[in-house]
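S.K.: Residue numbers (our numbering), protein chains in the order written: chain P, 924 to 1122; chain S, 854 to 1109.
Sharing a structure, written as C-alpha cells. Questions coming.
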C-alpha cells in the first residue's frame, strides 16, 4: 500500500513516515497537493496552522473531496484531522468539509493541551489490539465538534471531545500516534490494515 | 483526565555527542544522542530534550544530523534547543525531525520571533527556554547560556512570552543547575501559577525525591533531568515507580 503524506512545508514528517513504514506502508512525501487525488491512501500530518494548511490544499479542495468520497483511505492527525471538518475558530475559510462540524478552541485552563492523556475507545478497528487505559500524546489548542455520530474514541480535558473519528476508511485522530509510543504505532498499523482491506 | 506528569531526560549535545555540563562548564562526554534517546524511550521517558550547548553554525549541522537520525527511531516527542537564532533556524530544526524548538536568547532579543514562529508552526512547537537567577525576592532572566542578565523579571517575561504565543516554558534555575541539590521549587511554582501553558522544571535534580518535590510542591507539569539518568544512577522507570507510589499521575506501560 502506497501512503502519501502531505507536506505543507512546515514541521517534522520523519516520525510519521517512519511509523507508517513500520506498519507496512510504502511512503511517499507529497509537496504538490494535486498528486494526492491519485493516491492509494492519504495522510494529513499534524503540523502547522489551519489557515496555512488550507491555503496549500484549497486549489484542489474539490478533487480531494471527490477522492475521499470515492473511498481513498485517509488519516488526518491533529491539525490534519481538523482540516477534514467544515471550519475552524483558528483561521477564517473552509476546511475540506468531509466531516460535518467545526473546530473550536479548547476551553480548559492550560492550553495547548500538551502531554499524555487517556483515550476511551469504542470497539473499533482503529483501536484493535490497543488496551483500554493506553495514553496518547496530545499537542493541541483546538478540538473537533462533529455533527454526525463519527466519534470512535473520546478524551476529557476540561471538556469531553472526539479523540478519534471514523467513517469507513476516512479517519481522524486528535492525538499524535507517531509520538505515542507502542499504542500509537499500533494505531498506524491498524489504519494501514483498514486501508488495505479496502483495496 | 488531567495530563500525566512528564519525565524528560535532557541530553546536552556538543558537536554531535552528549555531554553534561556542571553550571554550564566542565563538559564531559557521555554518549551518542540517538542511542541514548531510544534507551530512554524504552525506559518509559515521556519526551526527550536535546540541548546544543556549543551552538555554532557548524555544530548546528551536526546537531541536525543527530536529530534526523533520532527521529527515525524515536516515537515520543523530541524538543531541540540551543543556538536557535531565527525563524529559519526554527524551521530547519523542525524539518530535521524535532517536534518542538526551545528559544532563549533570540526571544529575549526579538520577542516578535515567538509570534512569528507560533503563527507559522503552531504554539505547540514554540517552547520558551527561560533561564532565571534569584535576585532578592524575585528572579531575573538570563540569556546567552546563563551569562548575560536580560533585565527582565522571570515571571513577567513568562507571561509576556505566553501572550506572544509560546506554547510551553522550559524553566531552568541557574542557581540550582549542576548542584544536584534540588530544583528551585519556589521559582517553579511562581511561574506555573502565572501562566496558562505547561511548565517544565529544570536544573538541580540530584535524587528521585527532587523530582517528586518539583512535580507536587512545585506544581510543574514536567521534570527535566540529566545526570541522574546518564550515569545510570536511576532509570526513568525507577522514577515513575516512586512517583506512582506517592500518588502522582504518570504514564506507564499497559502491556503492549
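Even glycine gets a Cβ: it sits at the ideal position worked out from N, Cα and C.
Owing to the predicted nature of the structure, the values given are computational and were not obtained by experimental measurement.
#1: Go through the segment 1019-1085 of chain S residue by residue and report every complete run of the beta strand (DSSP E) that reaches 3 residues or more, in order.
#2: Is residue 927 of chain S close to chain P? Criterion is C-beta to C-beta, closer than 8 Å.
#3: At a Cβ threshold of 8 Å, is residue 914 of chain S touching chain P?
#4: Inspect the beta-carbon positions of residue 964 of chain P and residue 926 of chain P and report whether they are closer than 8 Å.
#5: My output table needs one value for residue 996 of chain S: the three-state DSSP class, helix, strand or coil.
#6: Distance, Cα to Cα, residue 876 of chain S vs residue 1040 of chain S?
#7: Apart from the five residues on each side of it in sequence, which residues of its chain come closer than 6 Å, Cβ to Cβ, to residue 1042 of chain P?
#8: Would a check of beta-carbon distances place residue 943 of chain P closer than 8 Å to chain S?
#9: Closer than 9 Å between beta carbons: that is the criterion. Which residues of the segment 1070-1099 of chain P meet it against chain S?
#10: So, is the C-beta of residue 1020 of chain S closer than 8 Å to a C-beta in chain P?
#11: Any contact between the segment 1039-1058 of chain S and the segment 1083-1090 of chain S? By contact I mean 3 or more CB pairs, one from each, below 8 Å.
#12: Can you tell me whether residue 1104 of chain S is helix, strand or coil according to DSSP?
#13: Quick check on DSSP: helix, strand or coil for residue 975 of chain P?
#14: How is the beta strand (DSSP E) around residue 891 of chain S delimited, first residue to last?
#15: Is it the case that the segment 1043-1059 of chain S contacts the segment 1067-1079 of chain S, given that we only count it when at least three CB pairs across the two stretches are under 8 Å?
#16: Reducing DSSP to helix, strand and coil, say where residue 1053 of chain P ends up.
#17: How far does the beta strand (DSSP E) with residue 985 of chain S in it extend, from its first residue to its last?
#18: Scan the segment 955-977 of chain P for residues whose Cβ lies nearer than 8 Å to a Cβ of chain S and list them as they occur along the chain.
#19: Within 10 Å of its beta-carbon, does residue 882 of chain S have 16 or more other beta-carbons around it, so buried, or fewer, so exposed?
#20: Express the C-alpha separation of residue 970 of chain P and residue 999 of chain P in angstroms, rounding to a whole number.
#21: By the criterion of Cβ-Cβ separation under 7 Å, what are the contact partners of residue 976 of chain S in chain P?
#22: Thinking residue 866 of chain S and residue 904 of chain S are a contact (beta carbons under 8 Å), I'd like their distance in whole angstroms, please.
#23: Going by CA-CA distance only, name the one from S:1008, S:1014, S:870 and S:1012 that's closest to residue 1026 of chain S.
#24: Given a cut-off of 8 Å, decide if residue 858 of chain S and residue 1103 of chain S are closer than it, judged by their beta-carbon atoms.
#25: Are the CB atoms of residue 1036 of chain P and residue 1029 of chain P within a distance shorter than 8 Å?
#26: Could you pull out every residue in the same chain whose Cβ sits closer than 6 Å to the Cβ of residue 937 of chain P, ignoring the five residues on either side in sequence?
#27: Can you give me the C-alpha to C-alpha distance between residue 1102 of chain P and residue 1105 of chain S, rounded to a whole angstrom?
#28: CB residue 913 of chain S to CB residue 936 of chain S, shorter than 8 Å?
#29: Measuring straight from C-alpha to C-alpha, what distance separates residue 945 of chain S and residue 918 of chain S?
#30: State buried or exposed for residue 941 of chain S, treating a residue as buried only when at least 16 other CB atoms are found within 10 Å of its CB.
#31: Show which residues of chain P have a CB atom less than 9 Å away from the CB atom of residue 1068 of chain S.
#32: Taking C-beta pairs closer than 7 Å, name the residues in chain S that residue 1040 of chain P reaches, listed in chain order.
#33: Going by DSSP, what residue range makes up the beta strand (DSSP E) through residue 967 of chain S?
#34: What does the alpha-carbon distance come out to for the pair residue 974 of chain S and residue 1088 of chain P?
#35: At 9 Å on the CB atoms, spell out the chain S contacts of residue 933 of chain P, in chain order.
#36: Please say whether residue 976 of chain S and residue 1011 of chain P have beta carbons closer to each other than 8 Å?
M.R.: Straight from the coordinates:
#1: 1021-1026, 1052-1055 and 1075-1078
#2: yes
#3: no
#4: yes
#5: strand
#6: With a pLDDT of 35 at residue 876 of chain S, under the threshold of 50, the predicted position of this residue should be treated as unreliable, though the coordinate-derived value follows. Taking the straight line joining both Cα atoms gives about 18 Å.
#7: 1059, 1076, 1078 and 1086
#8: no
#9: 1078, 1079, 1080 and 1099
#10: yes
#11: no
#12: coil
#13: helix
#14: Element bounds for residue 891 of chain S: not the beta strand (DSSP E) but the alpha helix (DSSP H), 886-896.
#15: yes
#16: coil
#17: 979-988
#18: 970, 971, 972 and 975
#19: Residue placement at residue 882 of chain S is poorly supported in this model, since its pLDDT is 47, which falls under 50; the coordinates still yield a value, given next. Residue 882 of chain S is exposed by the Cβ-count criterion.
#20: 11 Å
#21: 1035 and 1064
#22: 7 Å
#23: S:1008
#24: yes
#25: yes
#26: none
#27: 15 Å
#28: yes
#29: 11 Å
#30: exposed
#31: Near residue 1068 of chain S there are no residues of chain P at all, since even the closest Cβ is about 12 Å away, more than 9 Å.
#32: 854 and 856
#33: No beta strand (DSSP E) contains residue 967 of chain S, which is instead part of the alpha helix (DSSP H) from 965-974.
#34: 24 Å
#35: 944, 947, 948, 973, 974, 975 and 978
#36: no
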